[in-house]
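In our numbering, the protein residues as written are 10 to 133. Reading through the structure tokens given below for one structure.
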Amino acid sequence: MDDKYDKPAYVNNGQPAYAYAKKKNDVKDRALKIMLVSGDCFLIGLQPILVHMSKNEDGKFAYSPISVNFLTEVCKCVFAILLLVHQDKRAKIGERPLLEWTSLKRAAAKNMLLMVPALLYAIN
């Protein structure tokens, strides 16, 4: 019995050949996530400063801050939906579709705790 096809190809250190590529991708994904979260924290922290600086000499706004905040949230939702549709179209054969109702319910159940700050932010 020749089982050479059952075993993964090995590199010099005894690890499977695909293990190194997976670690390399994990490092890139982790770095991207850290950069995105750091950028988000920076921009969120910068928001009150920019809002304060946008007041005129009388200490009033020349625009409606509530409308700007609402339009910003609408743009973020549209952007997220467009990215979700784009990612769903790029799904490989055999992967579960992201826009399927069961997938959306499962994702909502996994991220239930994220709804608490979102609701507090919405109330504020």
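Every residue gets a Cβ at the ideal spot worked out from N, C-alpha and C, and that includes glycine.
Look at residue i and residue j and say whether their C-beta atoms are less than 9 Å apart.
| i | j | result |
| --- | --- | --- |
| Q96 | L113 | no |
| A71 | N78 | no |
| P74 | V87 | no |
Along the chain, where does the alpha helix (DSSP H) that runs through residue i open and close?
| i | result |
| --- | --- |
| A118 | 110–119 |
| E82 | 74–98 |
| L128 | 124–132 |
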